[in-house]
Amino acid sequence: MSERPEEPNKPSDAESLLPVDEHVEEGHDAEGRKVRHRGIYLLPNLFTTANLFAGFYSIISSMSAQSAGDPREASKYFAIAAIAIFVAMVLDGLDGRVARMTNTQSAFGAEYDSLSDMVAFGVAPALLAFGWALADMGKIGWMVAFIYVAGAALRLARFNTQVGTADKRYFIGLASPAAAGVVAGTVWAFSDFGIQGSKLSFLVALLVAAAGMLMVSNIKYNSFKELDLKGRVPFVAILAVVLVFAVVFSDPPRILLLIFLAYAASGPIQFLLRGRRRKA
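Numbering (our numbering) for the sequence shown: 725 to 1004.
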């Protein structure tokens, strides 16, 4: 899959007839020499593509909900849109781990992952919140939705530029999947009860705007990347995992919303506690 540096990149006659050029990526081998890799890794990019599809499906469901005439049918579409965002979170967590486990990381995969995240955790939650609650607020509604989208874009751009220098134990700013979990969890939890978002427009606007601002803040959040998933753990750990699954599946909309709200609030709380310690 790699070529020597001195070899020119000459596509075959069959490849030259294709309307899509082959992807060529420069890298370094074990001895530090520059090499050129042709093609992309299929397995991790399949998960990224599935993540992108889940985000796109959430957008389509949100649009279908807005055009639905029956409020009950609209609530069903909003719930589906929120669930699709949570599915995208699972897929987003898998593509990176699969790439690291199979040693198939690449610059192409990293950029593709960021673009997929922008759709699934930036555009999709904003449209979901706008269609469910913010549309009745007029210009203020779409301005709040745009604040969230811009926050997600800036968060992802900053994360990409700090990959090699940032402390892996922490995220600087609320991660975009967690922010999306707050928005999607809110819509799913309340629409599951048949509550119309127009009755909670002001509350949802504050929540969406706060999530957007937390993404671009300098508040630290625990990344949980120091957890060793490959090592041995006490037997009680698997029992705790089973208990967590049982609790989540007992009432997914409300439990997931509480989990993501607690995580989103953990950053500001720790920030305030550290500030009080410094003053003391």
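Glycine is no exception: its CB is placed at the ideal position from the N, C-alpha and C atoms.
Closer than 7 angstroms by C-beta to residue i: which residues in its own chain qualify, once you throw out the five before and the five after it? Chain order, please.
i	result
residue 856	802, 911, 915, 921
residue 947	892, 893, 894, 895
Once you ignore the five residues that flank residue i on each side, which residues in its own chain have a CB closer than 6 angstroms to its CB?
i	result
residue 995	943
residue 1025	Residue numbering for the chain in the displayed model covers 725 to 1004; residue 1025 lies beyond these limits and cannot be assessed.
residue 772	819, 836, 837, 840
residue 829	823
With residue i as the anchor, note down where its beta strand (DSSP E) starts and where it stops.
i	result
residue 896	894-896
Note the first and the last residue of the continuous alpha helix (DSSP H) segment covering residue i.
i	result
residue 949	Premise fails: residue 949 is in no alpha helix (DSSP H) and is neither H nor E.
residue 967	959-974
residue 871	863-885
residue 905	900-915
residue 934	925-939
residue 840	831-842
Can you tell me whether residue i is buried or exposed, with buried defined as 16 or more other CB within 10 angstroms of its CB?
i	result
residue 955	exposed
residue 867	exposed
residue 743	exposed
residue 782	buried
residue 854	buried
residue 958	exposed
residue 795	exposed
residue 813	buried
residue 974	exposed
residue 984	buried
residue 998	exposed
residue 785	buried
residue 900	buried
residue 775	buried
Let me make sure I understand the geometry here. Which of the options has the alpha-carbon closest to that of residue i?
i	options	result
residue 941	792, 864, 875, 768	875
residue 816	768, 889, 859	768
residue 913	800, 789, 1001, 790	800
residue 834	880, 966, 939	880
Report all residues from its chain with a CB closer than 8 angstroms to the CB of residue i; omit the five preceding and five following residues, and keep chain order.
i	result
residue 787	851, 855
residue 1003	none
Does the beta carbon of residue i sit closer than 7 angstroms to a beta carbon anywhere in chain B?
i	result
residue 980	Judged by its chain identifiers, the structure shown contains no chain B, having just a single protein chain.
(request) Could you name each continuous alpha helix (DSSP H) segment of 4 residues or more that falls completely within the segment 752-825, going from the start of the chain to the end? (result) 766-791, 795-825
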